[in-house]
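In what follows, a structure is listed as structure tokens, so that the remarks can point back to it.
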Amino acid sequence: MTEHVHQGEPPRAETPPQLTSVTRLHLGLRVPMRDGVELALDLRRPDLPGPLPVILMRTPYDKVGGHRAELYERFAQAGYIIAFSDCRGRFNSDGVFQPYADEANDGYDTVEWIAAQEWCDGNIGMIGGSYAGQTQWFAASRRPPHLKAIVPMCSPPGSPWRNEPILGGCFMLGMAEWAVAMGARSWQTADPGSVLTGPQPYFDTLPLAAVPDSTGESPPWWREMTEHPTFDDYWRRRSYDNHAEMDVASLNVTGWWDLNLPGAPSNYQAMRNSRAKSRQKLVIGPWPHWINTQRELNEVDFGESAIIELNDYVLRFFDRWLKGVPNGIDEEKPVHIFVVGANEWWAEDDWPLPDAEDVPLYLHSGGQANTLDGDGILTLEPPSMEEPPDSYRYDPADCGARPWSLHDGPIDDRPGSKRSDCLCYTSEPLTEPLDVVGWITCRLYASSSALDTDWHLRLTDVHPDGTARFLCRGALRARFRHSFEHPEPLEPGIPTLYEIGMDACGVRFLPGHRIRVEISSSGFSRYDRNTNSGASNFFTDDTVVVAEQRVYHSPDLASRILLPVVRRHAGQANV
Numbered sequence: 001m002t003e004h005v006h007q008g009e010p011p012r013a014e015t016p017p018q019l020t021s022v023t024r025l026h027l028g029l030r031v032p033m034r035d036g037v038e039l040a041l042d043l044r045r046p047d048l049p050g051p052l053p054v055i056l057m058r059t060p061y062d063k064v065g066g067h068r069a070e071l072y073e074r075f076a077q078a079g080y081i082i083a084f085s086d087c088r089g090r091f092n093s094d095g096v097f098q099p100y101a102d103e104a105n106d107g108y109d110t111v112e113w114i115a116a117q118e119w120c121d122g123n124i125g126m127i128g129g130s131y132a133g134q135t136q137w138f139a140a141s142r143r144p145p146h147l148k149a150i151v152p153m154c155s156p157p158g159s160p161w162r163n164e165p166i167l168g169g170c171f172m173l174g175m176a177e178w179a180v181a182m183g184a185r186s187w188q189t190a191d192p193g194s195v196l197t198g199p200q201p202y203f204d205t206l207p208l209a210a211v212p213d214s215t216g217e218s219p220p221w222w223r224e225m226t227e228h229p230t231f232d233d234y235w236r237r238r239s240y241d242n243h244a245e246m247d248v249a250s251l252n253v254t255g256w257w258d259l260n261l262p263g264a265p266s267n268y269q270a271m272r273n274s275r276a277k278s279r280q281k282l283v284i285g286p287w288p289h290w291i292n293t294q295r296e297l298n299e300v301d302f303g304e305s306a307i308i309e310l311n312d313y314v315l316r317f318f319d320r321w322l323k324g325v326p327n328g329i330d331e332e333k334p335v336h337i338f339v340v341g342a343n344e345w346w347a348e349d350d351w352p353l354p355d356a357e358d359v360p361l362y363l364h365s366g367g368q369a370n371t372l373d374g375d376g377i378l379t380l381e382p383p384s385m386e387e388p389p390d391s392y393r394y395d396p397a398d399c400g401a402r403p404w405s406l407h408d409g410p411i412d413d414r415p416g417s418k419r420s421d422c423l424c425y426t427s428e429p430l431t432e433p434l435d436v437v438g439w440i441t442c443r444l445y446a447s448s449s450a451l452d453t454d455w456h457l458r459l460t461d462v463h464p465d466g467t468a469r470f471l472c473r474g475a476l477r478a479r480f481r482h483s484f485e486h487p488e489p490l491e492p493g494i495p496t497l498y499e500i501g502m503d504a505c506g507v508r509f510l511p512g513h514r515i516r517v518e519i520s521s522s523g524f525s526r527y528d529r530n531t532n533s534g535a536s537n538f539f540t541d542d543t544v545v546v547a548e549q550r551v552y553h554s555p556d557l558a559s560r561i562l563l564p565v566v567r568r569h570a571g572q573a574n575v
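Under the numbering used here, the sequence shown has 72 at position 72, and the numbering climbs by one with no breaks.
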């Protein structure tokens with residue numbers, strides 16, 4: 001086998017020229033929307049003759065924070081006007097905040113209002129992370145003529161049922177904490193950075209619709225969301241899925257343990273089918289939701305190259321698409337990913353990697369795969385004879401809770417996988433390295449005694465010392481196995497095939513390491529508990545039903561996980 005030679009370096013940064021050291025704030029601008037609502041806008045302007053290109057950030061988290069950021073001061077010194085806007089109904093902007101609902105039209109109107117000002121040269125970009133990443137995509141979905149480039153960092157994907165606030169039908173409980181902390185217009189917490197860093201006592205509340213009520217801070221939009229337990233028009237209006245029609249350069253940035261990980265690669269992938277396909281970039285680092293800030297997570301050190309000159313790369317991107325500077329960034333590889341374990345950057349032609357091959361690992365056991373000490377194994381060989389299914393009892397009132405935080409990375413999964421309601425399937429130790437880079441999927445054959453239930457899956461890298469480092473997850477509410485629009489109850493006790501996406505990872509499993517898949521029926525307290533009642537609106541139902549669950553692995557019911565294996569290096573595992 002000829003060894004593939006990677007570029008072995010992160011995205012190439014260049015120190016941008018400082019055109020001025022003087023920038024000034026211009027506060028209190030009012031931007032009219034099409035319905036008459038006015039949004040607040042501030043500017044940081046360099047002391048340079050205009051007009052100039054503008055970089056816009058639209059945020060629900062208080063635009064004043066952007067004023068203080070050293071990053072935006074640097075961008076202004078490089079010759080950009082930086083515009084900061086509070087989203088509708090937040091802080092100094094008028095109107096009522098409804099997550100996702102108004103961002104497309106408001107984004108379009110803000111961009112085009114800026115373009116009409118004498119200080120703007122007609123070239124507008126956008127930047128921001130998390131929700132401020134989404135606001136960029138919502139604006140781009142309306143195709144404002146003057147929006148030329150966006151840099152969404154840690155943005156969720158286009159569908160609110162793909163990750164946030166709902167994953168496979170399972171509601172992210174952190175959304176309730178977000179609702180409580182955000183308040184009606186401004187923060188109701190002294191430390192916004194502490195939000196989504198652990199379970200809250202009110203997460204135990206049933207039904208889901210009543211979770212924020214116990215705190216006294218329940219915005220109207222929370223009730224509205226929980227009145228829509230299927231992917232209906234309410235959710236469609238809060239989606240952006242028309243990437244093929246968009247015409248904007250995008251630099252998508254995320255981390256393997258970002259809360260919103262699927263957003264960056266899925267948005268990049270969708271835009272590669274658009275008219276702007278040659279203007280797309282993707283960067284995935286070994287980071288949590290707070291990207292590019294530390295080289296070590298959960299006692300795992302990713303090496304010196306884990307932190308990159310990301311801000312300078314962003315400026316190269318904007319210089320190319322807002323100023324027309326021929327800096328060669330559009331001629332470089334579009335995809336840069338950090339491969340954990342190898343602890344190196346790969347520069348790639350596309351995502352998913354064109355030479356990744358889906359390799360199945362099959363589940364096996366003697367019927368006792370419960371806990372990490374059970375007899376569950378993963379092999380390349382499918383079941384050749386009947387094997388007894390694995391079973392467990394899922395009680396929504398006693399399902400345990402895994403701690404989680406926006407700051408977490410490869411946590412040790414062992415505490416959660418010591419429960420009898422968690423099935424574990426583990427490979428033999430690898431004798432050679434194995435590169436797995438791309439989307440992970442699972443084809444699970446399972447049954448439940450209930451009319452509805454959940455399936456949660458986790459992939460871990462088991463180190464020689466026994467620590468099981470979390471890589472990625474997937475979840476599916478059983479009623480949505482065929483469609484999020486048209487749920488179907490289960491036939492109790494009947495084996496059913498579930499196709500479950502598990503997001504993505506980029507890892508080199510090293511010799512001596514093992515691959516483990518964990519299966520349970522609860523992602524609490526990151527996600528709501530399915531009470532198994534089969535009620536038409538599970539968001540408003542608190543009837544608890546205990547379910548008997550089974551996972552099958554026989555010749556005709558061969559449960560398996562599909563790993564995107566990249567074979568480029570001599571001495572790689574032959575799987």
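Don't be surprised by glycine CBs; every beta carbon is placed ideally from N, CA and C. These numbers come from a predicted model, not from an experiment.
Return the CA-CA distance between D355 and D390, expressed in angstroms with no decimal places.
35 Å
* Asked: If we count Cβ pairs, one from each stretch, closer than 8 Å, do we get three or more for the region 221–230 versus the region 247–259?
  -> no
What does DSSP give as the partner residue(s) for G50 in the beta ladder?
Note: G50 sits in no beta bridge, so no partner.
- Task: Give the secondary structure of R477 by DSSP, where H, G and I count as helix, E and B as strand, and everything else as coil.
- Result: strand
* For E73, the first and last residue of its enclosing alpha helix (DSSP H) -> E70 to Q77
Fill in: Residue of R516, D454, A249 and H407 minimising C-alpha distance to T379
R516
Those runs of the beta strand (DSSP E) which lie wholly inside the region 147–202 and span at least 3 residues: 147–153
| Secondary structure at Y362, three-state DSSP: helix, strand or coil? | strand
Let me make sure I understand the geometry here. Which of R481, D373 and P207 has the alpha-carbon closest to that of C424? D373
According to DSSP, what are the bridge partners of T379? Y362
Point to revise | Every unbroken alpha helix (DSSP H) inside the region 292–349 [4 residues or more] | key: 310–322
### Message
Please classify E3 as buried or exposed, where buried requires at least 16 neighbouring CB atoms within 10 angstroms.
### Response
Reliability fails at E3, whose pLDDT of 38 lies under 50, so the model's placement of it is uncertain and the value that follows must be treated cautiously. The residue in question, E3, is exposed, as its Cβ has fewer than 16 Cβ neighbours within 10 Å.
Item checked: Cβ-based burial, V22 [other Cβ within 10 Å; buried from 16] -> exposed
Per DSSP, cross-strand counterpart(s) of T254: I284
Using three-state DSSP, classify D35 as helix, strand or coil. coil
- Task: Taking G506 and V437 to be in contact with their CB atoms under 8 Å, please state how far apart those CB atoms are, rounded to whole angstroms.
- Result: 5 Å
key: Through-space distance from C442 to P360, alpha-carbon basis   = 9 Å
Under DSSP, the alpha helix (DSSP H) around D109 begins and ends at which residues? E103 to A115
(request) Count the other C-beta atoms from every protein chain shown that fall within 10 angstroms of the C-beta of D47, then say buried if there are 16 or more, exposed otherwise. (result) exposed
query = Helix, strand or coil for T59 per DSSP?
reply = strand
Using C-beta distances below 7 Å, list every residue in its chain close to G523, excluding the 5 sequence neighbours before and after it, in chain order. C170, H456 and A475
For this session: Answer yes or no: do W345 and P51 have a C-beta to C-beta separation smaller than 7 Å?
Result: no
Three or more C-beta pairs below 8 Å linking the region 307–321 and the region 265–272: no
_If you measure between the beta carbons of P618 and P60, is that distance less than 7 Å?_
Since the displayed the chain opens at 1 and closes at 575, residue 618 lies outside it and no answer follows.
**Report entry** Integer-rounded CB distance, given that D413 should sit under 8 Å from S520
**Finding:** At roughly 11 Å, the Cβ-Cβ gap does not stay under 8 Å, so S520 and D413 are not in contact.
Identify which residue in S536, L208 and L41 has its Cα closest to the Cα of T230. S536
_Give me, in chain order, the residues of the same chain whose beta-carbon lies closer than 6 Å to that of R514; leave out the 5 immediate sequence neighbours on both sides._
T426, S427, P429 and V462
Fill in: Endpoints, the beta strand (DSSP E) within which A264 is located
Not the beta strand (DSSP E): A264 falls in the alpha helix (DSSP H), residues G263 to M271.
Can you check DSSP and say which residues form a bridge with L434? F509
Of all the options W439, H486, R469 and V546, which has the alpha carbon lying nearest to the alpha carbon of A565? It should be noted that the sequence gives Val, not Ala, for residue 565. Among W439, H486, R469 and V546, the Cα nearest to that of V565 belongs to W439.
Where P206 sits in the DSSP three-state scheme
Position check: residue 206 holds Leu in this sequence, whereas Pro was assumed. Reduced to three states, the DSSP call for L206 is coil.
What's the C-alpha gap between L322 and H26? 22 Å
Assign Q18 to one of two classes, buried (16 or more other C-beta atoms within 10 Å of its C-beta) or exposed (fewer than that).
exposed
| query | Which first and last residues belong to the alpha helix (DSSP H) in which D233 is found? | reply | D233 to R236
Exercise. Is it true that the CB of V248 sits closer than 7 Å to the CB of P396?
Worked result: no
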